[in-house]
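Under my numbering, residue 411 is the last one in the sequence shown; the count climbs by one each step, no gaps.
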Amino acid sequence: MTHVAILGAGLGGVPAAFEMRRLLRRRDKLTVISEQDTFNFTPSNPWVAIDWRKPHEIKAQLKSVFKRKRIDFVHARATKVRPADNAVDLADGRTIEYDYLIIATGPELAFDEIEGLGPDGGHTISVCTTDHAANARANWPDFVADPGPIIVGAVQGASCFGPAYEFAFMLDTDLRKRRIRDKVPMTFVTSEPYIGHLGLDGVGDTKGLLESELRNRHINFITSARVKSVTAEQMIVEEVGADGEVKKTHELPFKMSMMLPAFRGVEAVRDIEGLVNPRGFVTVDRLQRNAAFPNVFSVGVCVAIPPVGNYPVPVGVPKTGFMIESMTRAATTNIRALIDGKEPVTEATWNAVCLADFGDGGVAFVAMPQIPPRNVNWSSDGKWVHLAKVAFEKYFLGKVRRGVSEPFYERMTLDLLGITKSKRAEAE
């Protein structure tokens, strides 16, 4: 019997569990460890924050579906991974031993790196978790009753920019529907060197599409921005030039602000020599395998990926859901190969496919591979993007609730977006 453990139950961990169970032999054991007992569809969090979704509508209970799929579920927080001992220590005193481990923890949110940032003891709201979004939703009626300036964006070191654009445009859409948009000055503040960079040096014409959208919606923007501090009513932002010198310091008043933080690895894996980089992200090869501990694999946002370029204000690289799917497929397939005594050969594509919803439209992009130069570099906009994201949310949550892996989203989406099979074959 082989025991595979998966640490984390989010966009990487849950699909990995279903796919790993499908690939394992019946006698093999599979355990998922998570401090959360629900799967939360993170891409829908911005909808929750402005009351377009209720929190329970984007959640799926894990215990029952894992039981149906013969997956052991350990509802506990991991305190330390000990890869040299093939063990994971838990906060309740237990230790889970494994033969193979998939680390899919997601990130730790580094709000503490900027004074006054974040929803816990700080002055900004968050859509990074469903609980954060639910807290923001609770305050939304008060803001609507007494509106004022809004700041939305992503701070230095952030690697996830799509939700910031989505939230800014959704707020604009919602406020216009309420006919109070004229009472809400909006500013988009981002560490990106230009609008639409997205941590990827742009995809297709995301620069033109997103900058035009900001202008059309009367949303001011500051790029190459370094947030110095946040108080209850004001954000201090340094606008940095290409030479690294501060061009201008902005003192921006706000009544509501949502700023995406930088990420770092979770405490359970940080500072483990050979397993993680200095920021605490798990280092892997294209097989999703760690070099120092070859029975450890990793998928999702917790994976280390070098930045696209060297900019005066740090900009990280995002890991989209479709990219995570390719990681999951590679990790699970390669573990089964090792169990069978074979050499693992399946590589993750690391392609990026994203649907960014604006509430009344949106932008879609495909980057194959994610890091340039690319074989496919495509973006488009339209109302169809909003409808496509709604459909994808329902599809993905339905898949999780049924306990089905079905790892074909990237292929399906490329066909829906009209990218030809020949181009896809070239990209792969």
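Ideal placement from N, C-alpha and C gives every residue a C-beta, glycine not left out.
Out of curiosity, what's the CA-to-CA distance linking residue i and residue j?
i, j, result
"PHE375", "VAL284", "20 Å"
"ALA93", "LEU270", "28 Å"
"GLU222", "THR170", "13 Å"
"GLU91", "LYS166", "35 Å"
"THR62", "GLY263", "14 Å"
"ALA87", "LEU154", "31 Å"
"ARG36", "PHE150", "14 Å"
"VAL48", "ALA208", "44 Å"
"THR25", "THR112", "7 Å"
"ASP95", "ILE108", "14 Å"
"PHE348", "ARG77", "44 Å"
"PRO297", "GLY182", "10 Å"
"ALA294", "HIS58", "The identity of residue 294 in the sequence shown is Tyr, whereas the question assumes Ala. Whole-angstrom Cα-Cα distance: 41 Å."
"LYS406", "VAL336", "Low confidence applies here, because LYS406 scores a pLDDT of 43, under 50, leaving its location unreliable; read the following figure in that light. If you take the alpha carbons of LYS406 and VAL336, they lie about 14 Å apart."
"SER388", "ASP103", "35 Å"
"GLN217", "SER27", "28 Å"
"ALA70", "PRO261", "22 Å"
"HIS(-14)", "ARG10", "9 Å"
"VAL300", "THR214", "28 Å"
"ALA371", "GLY381", "15 Å"
"GLY99", "ASP125", "21 Å"
"LYS66", "LEU6", "Sequence check: residue 66 is Pro here, not Lys. Distance between the alpha carbons of PRO66 and LEU6 is about 23 Å."
"HIS39", "ASN317", "35 Å"
I believe residue i touches residue j by the beta-carbon criterion, under 8 Å. Please report the beta-carbon distance rounded to the nearest angstrom.
i, j, result
"SER195", "GLN139", "So it is not a contact: roughly 25 Å between Cβ atoms."
"GLY179", "LEU192", "7 Å"
"MET241", "VAL110", "6 Å"
"VAL383", "ALA0", "Wrong, their Cβ atoms sit about 10 Å apart, outside the cutoff."
"THR332", "GLU2", "Not confirmed; about 15 Å, so no contact."
"ILE255", "VAL64", "7 Å"
Given a cut-off of 8 Å on the beta-carbon distance, is the pair residue i and residue j in contact?
i, j, result
"VAL220", "ILE205", "yes"
"LEU13", "ASP55", "yes"
"GLY101", "PRO244", "yes"
"GLU330", "ALA350", "no"
"PRO355", "ASP184", "yes"
"LYS52", "GLY386", "yes"
"VAL368", "GLY342", "no"
"VAL210", "VAL172", "yes"
"VAL252", "VAL265", "yes"
"ALA137", "ALA128", "no"
"PHE144", "ARG200", "no"
"ILE280", "ILE79", "Just to set this straight, residue 280 is Phe in the shown sequence, not Ile. No. Outside cutoff."
"VAL447", "ASN360", "No answer is possible for residue 447: the residues shown for the chain start at -16 and end at 411."
"GLY257", "ALA275", "yes"
Within 10 angstroms of its Cβ, does residue i collect 16 or more other Cβ (buried), or is it exposed?
i, result
"ASN334", "buried"
"ARG272", "buried"
"SER212", "exposed"
"VAL229", "exposed"
"HIS106", "buried"
"THR315", "buried"
"GLY292", "exposed"
"GLY(-5)", "buried"
"ALA141", "buried"
"VAL328", "exposed"
"ARG8", "exposed"
"PRO(-2)", "buried"
"GLY89", "buried"
"MET239", "buried"
Comparing the C-beta of residue i with each C-beta of chain B, is any distance below 8 Å?
i, result
"GLU234", "Within the model displayed, chain B is absent; a lone protein chain is all it includes."
Any heavy atom of the ligand FMN closer than 7 Å to the CB of residue i?
i, result
"GLY345", "Looking for the ligand FMN in the displayed structure turns up nothing, as the structure carries no ligands at all."
Are the region 297 to 304 and the region 312 to 326 in contact at 8 Å, needing three or more beta carbon pairs? no
Segment contact, 8 Å Cβ cut-off, at least three pairs: the region 125 to 144 with the region 226 to 237: yes
Would you say the region -12 to 3 touches the region 14 to 21, given that touching needs at least three Cβ pairs under 8 Å? yes
Meets three-Cβ-pair contact criterion under 8 Å: the region 29 to 36 and the region 109 to 120: yes
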